Amino acid sequence: MNFGDVLRSELLKLRSVRSTFWTLLAAIVFNIGLGAAVGAFVPDYLSDEDKQSLDAIRLSLGGLHLSQIAIGVLGVLVITSEYSTGMIRATFTAVPHRYTVLMAKVIVFSAAAVVVGILSCFGAFYAFQAFVSDDSMSASLGDPGVLRAVIGGGLYLAVLGLLGLGLGIIIRAGAGAIAALFGLLFVPGILIDLLPSAWQSTIGPYLPMEAGAQIFIASSRGPDDLGAWTGFGVFSLYAAVVLVIGFVLIKRRDA
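Residue numbers (our numbering): 1122 to 1376.
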């Protein structure tokens, strides 16, 4: 099989698994639904000063915090579902070059996650704006940082999903990889509160979620925060390191 055949095979697998449809649908519903809900109800409870100080774009993309769960889980299942059914043995028998299989999985999953992520972020942005069009929180894609933040939200979801895929390759068990993924995302933010404040301001910006979130912030970035693309680069580095470890391990271990 050439690489094109492997890509088509991985695309067929992704489309044929029922969980793919439901997790991607959940990501879309969470993102757009919460964007609409926030736009409909939150501005009424904010003062004019609050509205000026808040990043309305980040607020409209608040559904990313739920969508990331769906995309992260799907990233894990892309590989662990084959281990749980034993299909991975047949896959590696048909394509002995394991790196080829993994690269195909990364490409197919990334494409799906980027498309769904970006479309759902645009949907969330417009759903939010539909309710605040006559409000000081209204914005357009031409405003500084807005288009980058909306597209960045989709890129954030895709990289988070790749982080899940990498952990799935390493751990090979769905429940364990999902626990590891969300442990990596949420636990450091809790533990850092136990550190001295000077350490928090130094280490905090480099935590996975904190760094990744910079890409979908249009304004109101804190003095200690990383820039949009710097933060996204740090977040992408986490995913890259995990994927590289997974690639190395899968070559050394039995299927």
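Glycine included, each C-beta is placed from N, C-alpha and C at the ideal position. Computed from a predicted structure; not experimentally measured.
Q) Counting along the chain, where does the alpha helix (DSSP H) carrying Y1204 start and finish? A) 1185-1206
Q) Hey, would you say L1195 sits closer than 9 Å to S1140, going by beta carbons? A) yes
Q) Applying the criterion that 16 or more other CB atoms from any shown protein chain within 10 Å of the CB defines a buried residue, is V1236 buried or exposed? A) exposed
Q. Nearest CA to the CA of G1125: which residue from G1263, M1224, I1290?
A. M1224
Q. For L1133, does the count of other Cβ atoms within 10 angstroms reach 16, so buried, or fall short, so exposed?
A. exposed
Q) Taking Cβ positions, are G1325 and Q1335 nearer each other than 9 Å? A) no
(Q) Suppose you measure from the CA of F1442 to the CA of G1184; what does that come to, to the nearest Å? (A) Since the first residue of the chain shown is 1122 and the last is 1376, residue 1442 is not available in this structure.
Q: Kindly indicate which three-state DSSP category R1374 falls into: helix, strand or coil?
A: coil
**Q.** Outcome for L1278 when other beta-carbon atoms lying within 10 angstroms are tallied against a minimum of 16
**A.** buried
**Q.** Backbone secondary structure at S1257 - three-state DSSP
**A.** coil
Q: State the Cα-Cα distance for the pair A1245 and R1374, rounded to the nearest angstrom.
A: 42 Å
Q: Output the boundary residues of the alpha helix (DSSP H) element that contains Y1277.
A: 1267-1292
Q.
Cutting at 7 Å between CB atoms, please list the residues of its own chain near G1266, excluding the five before and the five after it.
A. A1339, S1340
**Q.** DSSP-derived helix/strand/coil call for I1338
**A.** coil
(Q) So for P1309, helix, strand or coil by DSSP? (A) helix
Q. G1275: which of I1153, E1131, V1127 sits nearest, CA to CA?
A. I1153
Q: Along the alpha helix (DSSP H) that carries Y1220, what are the first and last residues, could you check?
A: 1219-1252
Q. For I1200, which residues of its own chain have a beta-carbon under 7 Å away from its beta-carbon, when the five flanking residues on both sides are left out?
A. K1226, L1286, G1289, I1290
Q. So the alpha helix (DSSP H) D1171 belongs to, where does it begin and stop?
A. 1169-1174
Q) Got a sec, what are the start and stop residues for the alpha helix (DSSP H) D1264 sits in? A) Here D1264 belongs to no alpha helix (DSSP H), and DSSP marks it neither H nor E.
Q: Please determine, among A1319, P1317, G1282, the residue with the shortest C-alpha to C-alpha distance to A1361.
A: G1282
**Q.** Assigned exposure category for L1146 - 16 Cβ within 10 Å defines buried
**A.** exposed
Q | Contacting residues, own chain, Cβ-Cβ under 7 Å from T1221 (five flanking each side not counted) | A | F1124, V1127
Q. Which stretch, first to last residue, makes up the alpha helix (DSSP H) that contains D1126?
A. 1124-1137
Q. Considering only C-alpha positions, which residue in the set I1292, Q1250, T1212 is nearest to E1131?
A. T1212
Q. In three-state terms, what does DSSP make of V1363?
A. helix
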